[in-house]
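Residue numbers (the numbering used here): 1012 to 1297.
Next up, the structure:
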């Protein structure tokens, strides 16, 4: 019987794991499961599609469907892995139509990546707060701009927040960046370098407010303003760029332990503490 390799997640780490599995075993049954519509694309390019430097989200796709067909990889898009049973060695999945299946595995690779993080801010459950992690996220932002948005508030002055801000300015929007810490790019630059970047962006017309934490999302049917540092800031578009966290819920719910960094605990061979279960990419600790 062919060895069954099941991979949850079909972006960089997941596709690499699938490709490597195929190279090592030409007869293995290799299946990738992803919630997204698209697999194997460059997340780093998302802000540049929004800004117009890259013409279309489809141009971010690195691994076309033909790649998966060529390697005989079974790609299941728009399909969510809902639970892992490490004792029975099965994964329960649900399609977008609601069809539930149970897939057996001999080897399981968790490549669920990272997910956008939202702090516990009052009103965070209200509609109208976007983020940028997937092509679908990018399409929502692009649609809002095409629908006539004239201004945007971006919460977080990390790399993604600033890149999205520049992209939206290229589209003609008034952009305000709100950052809780006293400088932009706090995880990348020291204060002196951050000041130079800040001044450059301000010269381009970006409004950057540092040392201001978001306290509340305001609005009735959807978010229309935020309170930050005691100041009410209105806009047409609100983008959360607070950062990402390892996407570990599926593993944790299945009894697979996390490590000190709150990512999935692995050894030097990327094995978790569950037999025949591996973790790779942003969701994994090692």
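Where is the CB? At the ideal position from N, CA and C, for every residue including glycine.
Computed from a prediction, not measured in an experiment: that's the story for all the values here.
- Beta-bridge partners of residue 1142 (DSSP): 1251.
- In the same chain as residue 1200, and ignoring 5 residues on each side of it, the C-beta atoms closer than 8 Å to its own belong to 1194, 1208, in chain order.
- Every unbroken stretch of the alpha helix (DSSP H) spanning 4 or more residues and falling wholly within the segment 1109–1158 is given here in chain order: 1146–1157.
- Apart from sequence neighbours up to five positions away, the residues of its chain that approach residue 1100 with a beta-carbon distance below 8 Å are 1115, 1116, 1117, 1119, 1287, ordered along the chain.
- Where residue 1166 is concerned, the enclosing beta strand (DSSP E) starts and stops at 1162–1166.
- Residue 1160 places its beta carbon less than 8 Å from that of residue 1184.
- Residue 1252 places its beta carbon 8 Å or farther from that of residue 1279.
- The beta carbon of residue 1067 sits closer than 7 Å to the beta carbons of 1060 from its chain, once the five residues preceding and following it are set aside; these are given in chain order.
- Taking a C-beta distance under 8 Å as the contact criterion, residue 1234 and residue 1137 qualify as a contact pair.
- For secondary structure counted as the alpha helix (DSSP H) over 4 or more consecutive residues, the segment 1168–1192 holds these complete runs in sequence order: 1170–1181.
- The beta carbon of residue 1123 sits closer than 7 Å to those of 1019, 1020, 1258, 1261, 1294, all from its chain and outside the five residues before and after it, given in chain order.
- Only residues of its own chain outside the window of five on either side were considered, and among them 1188, 1190, 1195 have a CB closer than 6 Å to the CB of residue 1168, listed in chain order.
- Note that the C-beta distance between residue 1042 and residue 1017 is below 8 Å.
- In the DSSP assignment, residue 1059 falls outside any beta strand (DSSP E) and within the unbroken alpha helix (DSSP H) covering 1057–1061.
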